[in-house]
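If you use our numbering, the sequence shown corresponds to residues 105 to 314, in order. Data first, discussion second: the structure below is written as structure tokens.
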Amino acid sequence: MSGANLHDSQALTSWPYRRRRTALESVFSARRLTAPWTLCPSTTDQDVVNEWLTWGAVGMEGVIYKRLTEPYRPGARGWLKYKPRETTEAIVGAITGPLAAPRTLLLARHDTGGDLQYVGRTTTLAASASGSIAPLLTVSSDEHPWTAWTFSAGWGSRDTLDVTLVQPDVVGEVGVDVARDSAGRWRHPVRWHRPLPDLSPADVPRIEPR
């Protein structure tokens with residue numbers, strides 16, 4: 105429900121968001137709407153927003169924010185999304201592109217049983233980042249845990265990636281948002297920060313399925 109056309113059959117698209125929101129709340133109250141109808145929480149209190157942003161453990165990806173004075177513009181994006189990010193560690197399990205100049209990195213973590221699982225792929229590496237990680241990578245032997253696996257390009261594409269498996273002994277620092285799927289994989293592209301040669305794969309956090 106957007107509240108754009110729910111007030112006595114009157115179009116509300118020209119109303120500012122604050123007024124549309126009030127009208128929508130009045131509809132929910134007057135009609136005593138319950139599930140499956142849901143009115144998303146809304147606030148202008150920064151302290152409340154800060155609390156919401158700590159709810160990553162329950163699947164909260166971020167917050168949507170809009171200008172209170174903006175009308176509803178059909179077909180136009182009138183809101184923005186803020187997704188909190190965190191810095192953590194992951195193991196490099198495979199790459200796309202040549203070994204001497206990796207284009208993206210396929211990242212891994214061990215699950216609670218000790219198996220190496222795919223958790224996400226980085227955005228395209230900058231030339232400097234590609235150059236710094238390349239000397240640390242070694243093409244894997246046939247015993248790699250991902251031998252015979254296939255990987256989707258993801259992010260809206262069903263194409264299969266052409267990957268090179270590497271020895272899963274390089275650990276790096278990455279930036280991620282809090283969105284993960286039920287298997288503990290990061291749902292959105294990961295930002296590679298830097299290799300961490302002082303850490304071993306055993307130092308990397310284990311997968312936390314949801």
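Just so it is clear, CB atoms sit at the ideal spot from N, CA and C, and this is done for glycine as well.
Inter-residue CB distance, residue i and residue j (contact presumed, cutoff 8 Å)
| i | j | result |
| --- | --- | --- |
| residue 196 | residue 276 | 6 Å |
| residue 200 | residue 263 | Residue 200 to residue 263, Cβ: 11 Å. No contact. |
| residue 193 | residue 285 | Actually they do not touch by this definition, with Cβ atoms about 19 Å apart. |
| residue 117 | residue 175 | 6 Å |
| residue 225 | residue 258 | 7 Å |
Among the options, the one whose alpha carbon lies nearest that of residue i
| i | options | result |
| --- | --- | --- |
| residue 295 | 280, 240 and 200 | 280 |
| residue 248 | 234, 120, 268 and 144 | 268 |
| residue 218 | 114, 292 and 310 | 310 |
| residue 172 | 154, 194, 123 and 139 | 123 |
| residue 282 | 223, 232 and 304 | 223 |
| residue 239 | 120, 271, 303 and 139 | 271 |
| residue 256 | 293, 242, 241 and 235 | 293 |
| residue 178 | 253, 115, 301 and 232 | 115 |
| residue 234 | 138, 221 and 203 | 203 |
| residue 242 | 198, 303 and 180 | 198 |
| residue 278 | 211, 138, 155 and 146 | 211 |
| residue 253 | 227, 231, 232 and 220 | 220 |
Beta-bridge pairing of residue i - partner residues as DSSP gives them
| i | result |
| --- | --- |
| residue 270 | 243 |
| residue 189 | 281 |
| residue 173 | Looking at the DSSP assignment, residue 173 forms no beta bridge with any residue, so it has no partner. |
| residue 225 | 210 |
| residue 295 | 279 |
| residue 118 | In the DSSP output, where bridge partners are listed per residue, residue 118 has none listed. |
| residue 256 | 264 |
| residue 290 | 284 |
| residue 200 | 208 and 267 |
| residue 184 | 169 |
| residue 238 | The partner list for residue 238 (beta bridge, DSSP) is empty, contrary to what the question assumes. |
| residue 220 | 214 |
| residue 311 | BP columns for residue 311 are empty, so no partner. |
| residue 194 | 276 |
Beta-carbon proximity list for residue i, same chain, < 7 Å, skipping 5 on both sides
| i | result |
| --- | --- |
| residue 312 | 288 |
| residue 133 | none |
| residue 291 | 283, 284 and 285 |
| residue 146 | 125 |
Nonlocal neighbours in the same chain, by C-beta distance under 6 Å from residue i, ignoring five residues either side
| i | result |
| --- | --- |
| residue 157 | 188 |
| residue 166 | 185, 186 and 187 |
| residue 105 | Residue placement at residue 105 cannot be trusted, given a pLDDT of 43 that sits under 50; what the coordinates show is reported in the next sentence. Nothing meets the Cβ criterion. |
| residue 183 | 168 and 170 |
| residue 121 | 170, 172 and 174 |
| residue 136 | none |
| residue 143 | 132 |
Cβ neighbours of residue i in the same chain (closer than 8 Å, five flanking residues each side left out)
| i | result |
| --- | --- |
| residue 237 | 196, 206, 209, 229, 274, 276, 296 and 299 |
| residue 304 | 273 and 275 |
Heavy atom of the ligand ATP within 6 Å of residue i beta-carbon
| i | result |
| --- | --- |
| residue 145 | Within the structure as shown, the ligand ATP is missing, as the structure has no ligands at all. |
Taking contact to mean at least 3 C-beta pairs separated by less than 8 Å, is the stretch 233 to 250 in contact with the stretch 139 to 152?
no
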